[in-house]
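Sequence order for the protein chains is A, B, C and D.
Each residue of the first sequence is one higher than the one before, counting from 2 in the numbering used here.
Each residue of the second sequence is one higher than the one before, counting from 839 in the numbering used here.
Each residue of the third sequence is one higher than the one before, counting from 194 in the numbering used here.
Each residue of the fourth sequence is one higher than the one before, counting from 194 in the numbering used here.
Cβ coordinates follow ideal geometry from the N, Cα and C atoms, glycine included.
Model, not experiment: these values are computed from the prediction.
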Amino acid sequence: MMKISVIQFPGSNCDFDTVHVLNNVMKVRADLVWYKSEDLRGYDAVILPGGFSYGDRLRAGIIAAYSPVMREVKKMAEDGYPVLGICNGFQILVEAGLLPGALLRNSSLKFVCKWVNLSVVSNKSVFTKKLREGDVLKMPIAHNEGRYFIEESDLKEYYRKRQVVLKYTDDKGRVSELSNPNGSIDGIAGICNDEGNVLGLMPHPERASEGLLSPFNSDDGRLVFSSMIEYMSGR
Amino acid sequence: MVVQNFIFVELTEEEIKEARRMLGREPNTLELAMIDAEWSEHCSYKSSKSILKLLPTKGPRVVIGPGYDAGAIDVGDGYVVTLHIESHNHPSAIDPYGGAATGIGGVLRDILCMGTRPIALLDSLRFGNIEESAHSRWLFRHVVSGISDYGNCVGVPTIAGEVEFDDCFERNCLVDVVCLGLSKINDLVLAEAKHPGDSAILVGGSTGRDGIHGVTFASRVLTEKSDKERSAVQIPDPFMKKLIIEATLEAIATGHVRGLKDLGGGGITCGLSEMADKGGCGIDLELSKVHLREKDLDPVEIMISESQERMVFIVEKGHERDVCEVFEKYELPYSIIGRVTDGGNLIVRIKGVDLANLPVKIVANAPIILRKAIEPDYIKRLKTVGDPGIPKDLSPVLLKMLSCPSIASKGWVYEQYDHEVGIRTVVKPGKGDASVLRLPNGSFLAIKVDGNSKHCYIDPYNGAAGCLAEACRNLVSVGAEPLAFVDHLQFGDPGNPEVFWTFSEAVRGLSDFSKALGLPCIGGKVSFYNEDIVQKMAIKPSPAIAAIGRIERQEWITTMNFKHEGDYIVIVGETKSEMGGSEYYEYIHGVVGGNAPKVNSIKEKAAMDSVKEAIRRGIVKSVHDLSKGGMAVALAEMCMSGGMGASIDYSKVPAENLRVDEILFSETYGRFLLEVDNAHVNELLELMRKRVSFGVIGKIEEGSLDFSFGDKRLLSISIEDLKDAWTNSISRCMGEV
Amino acid sequence: MAHLVKVVIENKASARDPEGETILKDLLIKGGYEQVKSVRTAKLLKMWVEADSDKDAKEIVSKLCDELRVYNPVAHTCSISVEGEE
Amino acid sequence: MAHLVKVVIENKASARDPEGETILKDLLIKGGYEQVKSVRTAKLLKMWVEADSDKDAKEIVSKLCDELRVYNPVAHTCSISVEGEE
Ligand SMILES: Nc1ncnc2c1ncn2[C@@H]1O[C@H](COP(=O)(O)OP(=O)(O)O)[C@@H](O)[C@H]1O
Ligand SMILES: [Mg+2]
């Protein structure tokens, strides 16, 4: 039976939500794992949930990136297990050096919580296998430091390797200033590593997995989890 | 004991005499300071208690009524929700960011210390004129960001609220926050110390000089010196709060927590004496055990400091380790500071030497003050204000109404709040009249907070009742059955008989109306002294009412956006010439006064019941109640959120000889707008007949919102123009677009 | 000529600085840097100001900080310094 | 002895500084302070470090900034200075 670990850092706050969706919507086993754990053996995937680890102090994700459990997360990433960072989890993966770039304060200088349209730019990652490039998904965002930044010169390389996974767009899949909620370069909302087993994204798939909670009666977030589950069962 | 320059701000000569008489001796300085904190208006309700008695507090679902940190309501299947409302007005007026943030911190603690997990926050805000005043914009911007930073970080969604602007709040902004909690009924914990031998454990932040005299600060008017008066402002620490929330719930799960209290106003003094008083015990306190921020705090300061992020746990004797291990897991500072005794006294010691020894009965029960109430002259004067003329062209008037900051979209506010975390929010801010959460037992809970200072100013009795009526209408609109409410009563100086009259009237109005509806009040808060010497102005009477309701079935959840072109639009309730305090009078014409809307509890109830029944029978597709801006604004909101227009014949609106502007903009209570399709319209009319006044006033159409009288076209505005006026008005005021 | 003026805004000394506390406790100390005894955070604004002299530039900035509420005197201290022309 | 070391972290020019831009545009210029030509914001950390000398203190802080990524080299620059003993 496959098992997913959802890491709890001090200040994580989407930990219970993520476990709820995995257990009750996706019907797979997921456990909460306290950040002091130094052993993730027995888990087939790891999710770093959203929230405010260490209150976003100094910079979102930086302090959590030095937690004991992150050594194990890095090992799992190297061994090819799926590693997913959602919102604060994405920030932690970036700060831990598992994903490229930086997440800076939103250019509006305000926290932003709303539903956005996301275009699938690449389905390279193990979390997007069930998506087609060009699909437009609906998911909510909720963050203060989500402005994805990377030097333009480096970005080309990541496009070439199809690591840019999701972008903020309008409902037709077009990038514009209006559709970019935080000032991310090129409207980038999610990026993966070269191997495709580590993905970070600012939007919250766990908040978009039940039609009841969606203003559009959609459940696009499930596709992220079901892609992961399919990949795990094939491993 | 060193007590330097300690000034008693609050106790009057008589009160000191009374304390002396009750004790039968002279209290020492520390004891006086403790009595001073606990007998402050803020902690003791000494002016308001006798009036608050009017409110009904019992009901079949009430598990805990007023008197505890929060009220609790049975929502079925072994679950309860807890509800509380707090304000942080004075601190926010001088430090809007920190004041509002620590206000959230405070109300979260109230919910947490009932043993319940905070699952939602709401905010009810009042500021001066943000179109004109840079000071009001500054307050508004920083209050919202304080709430946003705190609520988001602790992971509790802020799911609803309201904002009103009025010149009277220029200096005294009002920042009310509401928190909702959830737990199993068996996990409720009370703020009681009733088992001698149990330990009192202080957890969380260290005790420091910040927040000394907070309660006495809140129990006075603001002066020029208020900025400098605070020894130090309180710095919010939401990260620590998040750890306290998780640690507290985990500690309760050990089964050894027998009492719990947050340390808010009045600090350790109020926390311990109230718990001992409720449990019929005493507490021995060893002051040297309190973890301090500054070493040189003297005992008075330690006893009254209101440093943030602190909780006191009463833990079963012999099980201290089990509970403390949880605090260690979260790396939270804690110390065992005292023991519950079978005496009735709070004894404060330092290394074995007694510093204070007071019967908790005396500390926790301040003598009541009976205040004089006199009807203010202005009330009669305002009734006779003359009606303004009717503007020639009402199109620009409607657009201006939509851009009025009190009416315009509050997206600028609620998009700064994480309203989704917890994945319970089914109806989100802006989508319905109230927000709706799913509960673990498969049912749903609706919640909204409302206030209307302009109505309350002209007619405090009807205005206050009207706030409750509006909150209930908002619940009914989303398909809920109202269950209970909490109220926050905000007024000026209660020593002023005119202010006190408005206070008593407001409570009377609330009480009469809630009794008529059979709706219990399960808690609340009173905040007096909302006035300032600089402007010599008291705020308008400003009750804020938060109400909750239950929706048993998912199909009943109803939103306000128009759904289908061709459907009929029905208005429920009669429109009256009640223009006093309306946004139309004040914002368009600059007229303050006239007849404010009156509640008619029989008609209000009939309207709510019919709408509820229509929803439950599944015959209406969208519902919106009428409030600020009246019918025209409500219709525009339904059009904008549905992206559809409507064509309205306002001759069909039930009303007696009203002017056109009155029909469009009157804020008469007890009214709703419904969308019903062709297949169900007759069933709906049948249901309404004999119960309420109603009219089929038009149909949903493409493109624009049109008003005519019979065949005569009055105005027509495109949805884009409506949206432009309404959507970005607040961002425009804030200089962002 | 543009003069560089630096504005440092921080919580009043008597108030806590939770951010500094967390950086110290959870990042530096846990990262093995026990030599660090205390951390306080602040916000730094660098303003380039057109003025006749450093002194004038500093005065302009002093004035605007108070007038436009770049900081809140109730909660913060604000210190202003000139770093020479650029 | 504790030495005060200051760490200034700011966005690289390519990462822009929306906060500085907003302060300049919405607060200062609108507030009538057109003499201000440009504003950059930064985060300042004051660390009190136990060390034998200023130089040692500075070295410790340099090392910890790199090792614990007190700044993110992708987006930030970081400068460290010593302000004397206290
Ligand atoms: N301060 C606020 N915080 C969060 N949500 C808010 C706030 N103000 C308004 N809202 C939301 O905006 C919508 C409209 O609010 P309001 O105008 O008060 O509605 P109503 O007139 O029906 O009471 C509601 O969903 C409400 O919850
Ligand atoms: Mg409403």
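query	result
Sufficient close CB pairs (3 or more, under 8 Å) joining the stretch 248–267 of chain D to the stretch 244–261 of chain C	no
Chain D within 7 Å of E214 of chain C, Cβ atoms only	no
Simplified DSSP assignment, three categories, for S1069 of chain B	Summary for S1069 of chain B: the model assigns pLDDT 49, below 50, so the residue's position carries little reliability; its value from the coordinates is reported in the next sentence. Three-state DSSP puts S1069 of chain B in coil, outside helix and strand.
Short CB-CB distance (under 7 Å) between H1257 of chain B and chain A	yes
Proximity test, E1000 of chain B beta-carbon vs ligand 1 heavy atom, cut-off 6 Å	yes
8 Å CB neighbourhood of V275 of chain C in its chain, flanking five on each side removed	H196, L197, V198, K199, D247, K248, A250 and K251
The stretch 1252–1265 of chain B touching the stretch 1455–1469 of chain B, judged by at least three CB pairs closer than 8 Å	no
3 or more residues per run - each beta strand (DSSP E) lying fully within the stretch 12–58 of chain A	30–35 and 46–49
Backbone secondary structure at S6 of chain A - three-state DSSP	strand
Local conformation of L868 of chain B per DSSP, three classes	helix
Test: L220 of chain C CB closer than 7 Å to a CB of chain A	yes
Interfacial residues, the stretch 929–945 of chain B to chain E, with Cβ spacing under 7 Å	In summary, chain E is missing from the structure at hand, where the protein chains are A, B, C and D.
Reference M1149 of chain B, options B:N967, B:V945 and B:S1365, closest by Cα	B:V945
CA-to-CA distance, E1424 of chain B to I222 of chain D, given in whole angstroms	33 Å
Distance cut-off 6 Å: N1312 of chain B Cβ against heavy atoms of ligand 1	yes
Beta carbon proximity, K139 of chain A to chain B, threshold 7 Å	no
Every unbroken beta strand (DSSP E) within the stretch 1463–1500 of chain B, with a cutoff of 3 residues, ordered by chain	1483–1487
Those residues which DSSP pairs with W116 of chain A across a bridge	A:P141
Near ligand 1: D220 of chain A beta-carbon under 6 Å from a heavy atom	no
Contact list for G102 of chain A against chain D, beta-carbon separation under 7 Å	V267
P1226 of chain B CB to nearest heavy atom of ligand 1 below 6 Å	no
Minimum C-alpha distance to D136 of chain A - residue among A:G98, A:K115, A:E96 and A:K173	A:K173
Short-range partners of chain C found in the stretch 43–73 of chain A, where Cβ spacing is below 8 Å	Y55, G56, R58, L59, I63, I64 and Y67
A1031 of chain B to I1023 of chain B span [Cα, whole Å]	20 Å
Given E1132 of chain B as reference, the closest of B:T1045, B:K1189, B:G1120 and B:E1166 once Cα atoms are compared	B:T1045
For K111 of chain A and F1151 of chain B, the rounded distance between their alpha carbons	37 Å
Assigned exposure category for H144 of chain A - 16 Cβ within 10 Å defines buried	buried
K141 of chain A Cβ short of 6 Å to ligand 1 heavy atom set	Lys is not the amino acid found at residue 141 of chain A; the sequence shown has Pro there. P141 of chain A: no, Cβ never under 6 Å from ligand 1.
Cβ of F91 of chain A within 7 Å of any chain D Cβ	no
Whole-angstrom C-beta distance between L1098 of chain B and V1016 of chain B, which should lie under 8 Å	Incorrect: roughly 20 Å between the Cβ atoms, too far for contact.
Candidates B:D1025, B:C1006 and B:A998, of which the one nearest L1018 of chain B by Cα	B:A998
Beta carbon proximity, E1067 of chain B to chain C, threshold 7 Å	Note on E1067 of chain B: pLDDT 47, under 50, position unreliable in the model; the coordinate value appears next. Taking Cβ atoms only, chain C never reaches closer than 7 Å to E1067 of chain B, which makes this a no.
Any non-hydrogen atom of ligand 1 within 6 Å of K1080 of chain B CB	no
Same chain only: Cβ atoms within 8 Å of A939 of chain B, ignoring 5 sequence neighbours per side	G984, I985, D987, Y988, P1074 and P1076
Per-residue burial, H269 of chain C [other beta carbons within 10 Å of its own, 16 or more giving buried]	buried
N-terminal and C-terminal residue of the beta strand (DSSP E) that C1017 of chain B is part of	L1012 to K1022
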